[in-house]
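In full-length UniProt numbering, the protein residues as written are 1 to 432.
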């Protein structure tokens, strides 16, 4: 039995999120990992004290919630960290059930709806006076007069948002379509793929892509972090696979202005695009949970899993925000995906880079900055098992999803592919 077990102050991590387990395990917190997989790589970490088998949320969302509530009822468990895309929805919708046993740092459901629904988020951004691409429902568009992006309206398509879903089922739809002026996409095909009335956002000619992360206490920031995304899952966009920590006062200002306006509480991962024409930081979306690039954040000194623990356990005064600038890190499987996207992906709005130049840029950046999300010399087994899964078993994407505790990127635009004719295949998770 680990020394941490004797303390019996435990944290529940509802996925194979290695970074959360390592962060809190290093600080003496007893770590309980809950997963639908017995062989999730992070469970082999020397910082993981327990692995509890639970139903997969995509099989039955209510059963997933009930299993987490059951673990939360243990007297040693003090809080649960939201790591999966579903967690924000589940924790806020069923907050009364969880708070019988543990303290969660999550928004109330109406505030969550305001950020999960990208149409309502656009309205909030307008009210707050912060830039965001014009956002409309697909059903309201008579003709496309400028470059646009069709994407899901909701971060999580579930019963509280779409009437055709019962409480046990949900979808996380990842399909994104780039549309040129004059294109006439097939409406029936889009509705079938998106499973609801999606949104259309004006395309932003992008100079750079940024992530702003924060932990808030009822409208007040406790800690914030920024990174510049150098490469994503694809050359057309997606979650960051090579990023470096930065600080831009204008980005800090617009993000805080929005979160203060909606009286945010809990974690926020916000995707921003810097408009190449106006220089504005334009809001794309907010995700109320830990993010794919969390290893990069913690490597730079912003230990958000520990910050969350301190806030949830009544110790927010002990949070010491701050981080080192210029710390770059890589997600290796994602870097490979970026290279392959140059051959595989297509977009009428994003120029395809040279394949050989891309290989050189990826290899040279890894040589210059050999910091990696999962590969750690003092805890090598999780990375070794992740590689085994990636090559021989569940595949790189699923193994990474368990290790990072996330199925998408820092935002939800994992793959921005397609033209006005070809709809992007997405990662769709549907229960029942």
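Cβ coordinates follow ideal geometry from the N, Cα and C atoms, glycine included.
In this text, all values refer to a predicted model and were calculated from it rather than measured experimentally.
From the DSSP output, read off the bridge partner residues of residue i.
i: residue 126; result: According to DSSP, residue 126 bridges with nothing at all.
i: residue 224; result: 214
i: residue 351; result: Bridge partners of residue 351: none, in fact.
i: residue 281; result: 274
i: residue 287; result: 269
i: residue 335; result: None, per the DSSP bridge assignment.
i: residue 201; result: 135, 149
i: residue 177; result: 150
i: residue 171; result: 157
i: residue 33; result: 13, 51
i: residue 372; result: 330
Would you grab the beta carbon distance between residue i and residue j for me? Rounded to a whole angstrom, and I think it's under 8 Å.
i: residue 85; j: residue 264; result: Residue 85 to residue 264, Cβ: 18 Å. No contact.
i: residue 227; j: residue 244; result: 6 Å
i: residue 41; j: residue 385; result: 4 Å
i: residue 235; j: residue 352; result: 7 Å
i: residue 280; j: residue 147; result: At roughly 17 Å, the Cβ-Cβ gap does not stay under 8 Å, so residue 280 and residue 147 are not in contact.
i: residue 361; j: residue 241; result: Not quite, the Cβ-Cβ distance comes to about 12 Å (not below 8 Å), so this is no contact.
i: residue 456; j: residue 61; result: The structure shown does not extend to residue 456, since the chain spans only 1 to 432, so no value can be given for it.
i: residue 83; j: residue 17; result: 5 Å
Tell me the DSSP secondary structure of residue i in three-state form.
i: residue 316; result: helix
i: residue 190; result: helix
i: residue 116; result: helix
i: residue 330; result: strand
i: residue 53; result: strand
i: residue 100; result: coil
i: residue 207; result: strand
i: residue 12; result: strand
i: residue 18; result: helix
i: residue 413; result: Here residue 413 scores only 41 on pLDDT, less than 50, and its place in the model should not be relied on; the value that follows carries that caveat. Looking at residue 413 - three-state DSSP - the assignment turns out to be coil, as it is neither helix nor strand.
i: residue 71; result: helix
i: residue 77; result: strand
i: residue 383; result: helix
i: residue 311; result: helix
i: residue 321; result: coil
i: residue 144; result: coil
i: residue 42; result: helix
i: residue 92; result: helix
If distances are taken between C-alpha atoms only, which option among the options comes closest to residue i?
i: residue 372; options: 312, 298, 59; result: 298
i: residue 176; options: 140, 215, 185; result: 185
i: residue 489; options: 302, 282, 249, 283; result: Since the first and last residues shown for the chain are 1 and 432, residue 489 lies out of range.
i: residue 145; options: 252, 356, 200; result: 200
i: residue 433; options: 374, 193, 232; result: The requested residue 433 is not part of the displayed model; the chain covers only 1 to 432.
i: residue 239; options: 256, 174, 255, 275; result: 174
i: residue 276; options: 330, 205, 117, 307; result: 205
i: residue 28; options: 35, 11, 121, 18; result: 11
i: residue 211; options: 179, 219, 258, 271; result: 271
**OP:** Entirely within the region 229-266 and at least 3 residues each: give me those beta strand (DSSP E) ranges in chain order.
**Re:** 237-246
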